[in-house]
Amino acid sequence: MGSFSIWHWIVVLVVVVLIFGAGKLPNVMGDVAKGIKSFKRNLNDENADDTKHVTDDGHAKEPPRRDQT
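Position 3 (the sequence shown) corresponds to 3 in full-length UniProt numbering; numbering is contiguous.
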């Protein structure tokens with residue numbers, strides 16, 4: 001029950017093609033890829049910011065608080 005067979009993926013693919021059409025599918029997949037790349041880049045930037053907040057004695061200081069909206 002938790003795994004998908006090849007038939008599940010074929011049905012999903014057919015439904016996606018029916019919804020978006022064969023012509024728009026490359027554009028949709030390109031947009032999804034751009035979103036994933038942007039998410040990964042922002043995640044890496046967030047991790048890089050966290051490593052900058054280490055003092056000279058090796059202890060991490062508290063990062064600056066962000067204003068909540």
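Ideal placement from N, C-alpha and C gives every residue a C-beta, glycine not left out.
* Asked: Is the Cβ-Cβ distance between Val28 and Phe39 less than 8 Å?
  -> no
* Asked: Alpha carbon to alpha carbon, how far is Ile10 from Asp67?
  -> 46 Å
* Per DSSP, what kind of secondary structure is Leu41 in: helix, strand or coil? -> It should be pointed out that residue 41 corresponds to Arg in this sequence rather than to Leu. The DSSP-derived three-state label of Arg41 is helix.
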